[in-house]
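**Student:** Everything in the sequence shown is counted per full-length UniProt numbering, starting at 1 for the first residue and increasing by one.
Note that CB positions come from ideal geometry on N, CA and C, so glycine has one too.
This is the structure I want to talk about, given as structure tokens.
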Amino acid sequence: MSHNDSKHARMCSLLNRKRKVVMEVKKVVHSKPGSSLEKDETAEVSEQVDQKYEEDKRKAKELILREARRSKQRAELIGPQGWLRPKSLNTNKQFLHRTLAATLPDRRLKTQKSSNDP
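Right, dumping it as structure tokens:
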């Protein structure tokens, strides 16, 4: 359950950050009319936000298309199963720890031998 809880917490955090950005944009756009300088600044800020949004949208489209092309190539090589994304290889931490511990010199033997030598 802790994995699901942490996943849910990360998702909520992401959504809160998105909401915060949207709220800031609304504040800038709906600010009280003042001098022309403030209007110019709000216009610049809203343009920057729009440009960033469009850039993010363009990058997302590119990533989706790139993944679709790679999936198509995998499907041509290995069949319909190629359309599925390959699972990422995770390191078995316990195995790695035990293997490294087994390859390290054993310090206990040296301390016991050195104390028995005199």
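Decide if the region 82-91 is in contact with the region 54-74; the criterion is three or more beta carbon pairs, one per stretch, under 8 Å apart.
**Tutor:** yes
**Student:** When DSSP labels each residue in this structure, what does T91 get in the three-state scheme?
**Tutor:** coil
**Student:** In whole angstroms, give me the CA-to-CA distance for H8 and P105.
**Tutor:** 43 Å
**Student:** My output table needs one value for L82: the three-state DSSP class, helix, strand or coil.
**Tutor:** According to the sequence displayed, residue 82 carries Gly and not Leu. DSSP places G82 in helix when its eight states are reduced to three.
**Student:** May I have the straight-line CA-CA distance separating R10 from K61, to the nearest angstrom?
**Tutor:** 24 Å
**Student:** Please check if any C-beta of chain D sits within less than 8 Å of the C-beta of K20.
**Tutor:** Absence of chain D from the displayed structure is noted, only one protein chain being present.
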